[in-house]
Amino acid sequence: MFSCNTSTSGHSIFLLTGFPGLEASQHWVSIPINLISVVSVVGNSIILFVIRTDPALHEPMYIFLSMLAASDLGLCASTFPTMVRLFWLGARELPSDLCVTQMFFIHAFTYVESGVLLVMAFDRFIAIWEPLHYATILPHSAVSKVGAAILFRAVLLNLPGTILLRNLLFPQISELSHCYCLHCDLVGLACSDIHINSLVGLVSILFSLGLDSSLIMLSYALILWTVLGIASPRERLKALNTCVSHLCIVLIFYLPKLGLSVLHRVEKHNYPALAVLMANLHFLVPPLMNPIVYCIKSKQIRQGFLKRFQQKRVDIS
6 MFSCNTSTSG HSIFLLTGFP GLEASQHWVS IPINLISVVS VVGNSIILFV
56 IRTDPALHEP MYIFLSMLAA SDLGLCASTF PTMVRLFWLG ARELPSDLCV
106 TQMFFIHAFT YVESGVLLVM AFDRFIAIWE PLHYATILPH SAVSKVGAAI
156 LFRAVLLNLP GTILLRNLLF PQISELSHCY CLHCDLVGLA CSDIHINSLV
206 GLVSILFSLG LDSSLIMLSY ALILWTVLGI ASPRERLKAL NTCVSHLCIV
256 LIFYLPKLGL SVLHRVEKHN YPALAVLMAN LHFLVPPLMN PIVYCIKSKQ
306 IRQGFLKRFQ QKRVDIS
């Protein structure tokens, strides 16, 4: 624990935390984490490339999927550099300006991903409720506006907390709980009054993850209500099957957050290495699994990838 020999936020140094008790073998422990990051970047890049280059995939469902892949890439780019510096170079120090910047982008891309999952849920509801008017209800212009609104909300919700952090006093050296910077972690290290910062952080979470998860549950209630009104059991199964990929991704996105929250409140101090591992997986698993789930479940994505791959081989030969 570092004493509150305070410094202005712009001159503080934050120390990143690796795996407590595993410092000697930290390189080996970090190998799977680094592999997950690399696979995540490659997988989401492929998803973006396939959707961008295949006109048959220029539909709202796949455009939203490309937004999800882009937010996953942004999340990897926000967390991966400091993890590499820490695990492979042993560089724990992070200047406060860089730490706050990383915090902003981590939370922003997390909120973007949550917003995209929400609109994908209502996209599935519209596709099941009004399949004949799907393209009319969701034209490309509407999809673009929705994407811009998601991005604007993410920035708007993150700006107040980021600005307020600049007014806090921190110890000259502070030790973070993870290998990246999060708002709750930074606020907990401050020597100043943090009531307003904590309130702003709570409001931003409620109006992003909290609101989105509630509306996603509402959308699935509407989907279930609509599906039950379909007379044919075969058509019911077909309609529900279109939601499987999205439902898997929603669970992958929200369950690690729930698990990490429980761990922090129950066993964090007894198993600090497990808490750090869970925190890393909390940001690494969704970007890894999203392209895998959609490649497995979406025949159109697989066909688009094979078409691009075969075309590449023909061009080379």
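Just so you know, we're using this note's numbering here: the sequence shown kicks off at 6 and counts up by one. We put the CB at the ideal spot given by N, CA and C, even for glycine. Remember, it's a predicted structure, so these values are computed and weren't measured experimentally.
What residues match up with residue i in a beta bridge as DSSP calls it?
| i | result |
| --- | --- |
| Ile178 | Ile18 |
Within the continuous alpha helix (DSSP H) that includes residue i, where are the two ends?
| i | result |
| --- | --- |
| Pro345 | Given that the chain is displayed from residue 6 to residue 322, the structure contains no residue 345 and the question cannot be resolved. |
| His138 | Here His138 belongs to no alpha helix (DSSP H), and DSSP marks it neither H nor E. |
| Gly193 | 188-194 |
Helix, strand or coil: which one does DSSP assign to residue i?
| i | result |
| --- | --- |
| Pro144 | coil |
| Glu64 | coil |
| Gln315 | helix |
| Phe127 | helix |
| Leu260 | helix |
| Phe24 | coil |
| Arg158 | helix |
| Arg171 | coil |
| Cys300 | helix |
| Asp59 | coil |
| His32 | helix |
| Cys253 | helix |
| His287 | helix |
| Ser45 | helix |
| Ser76 | helix |
| Ser119 | helix |
| Ser149 | helix |
| Ser197 | coil |
Check whether the region 184-204 and the region 86-105 are in contact - that is, three or more C-beta pairs closer than 8 Å. yes
Residue ranges of each beta strand (DSSP E) within the region 199-244, 3 or longer: none
Run through the region 81-117 for me and flag every whole beta strand (DSSP E) of 3 or more residues, listed as ranges in chain order. 98-100
Is the region 238-254 touching the region 140-152 in the sense that three or more CB pairs, one from each, lie closer than 8 Å? no
Does the contact criterion of 3 or more C-beta pairs under 8 Å hold for the region 151-158 versus the region 109-129? With a cut-off of 8 Å, the region 109-129 and the region 151-158 count as touching, because enough Cβ pairs lie within range.
How about the region 245-255 and the region 283-301: do they share at least three Cβ pairs that are nearer than 8 Å? Remark: three or more beta-carbon pairs, one from each stretch, lie closer than 8 Å, so the region 245-255 and the region 283-301 are flagged as touching.
Decide if the region 307-314 is in contact with the region 44-60; the criterion is three or more beta carbon pairs, one per stretch, under 8 Å apart. yes
Below 8 Å, can you find three or more Cβ-Cβ pairs linking the region 162-171 to the region 105-112? yes
Assess, as a yes-or-no matter, whether the region 165-177 is touched by the region 257-264 under the definition of 3 or more beta carbon pairs within less than 8 Å. no
Does the contact criterion of 3 or more C-beta pairs under 8 Å hold for the region 37-46 versus the region 94-106? no
Given 8 Å as the limit, is there contact between the region 217-234 and the region 123-134, that is, 3 or more CB pairs closer than that? yes
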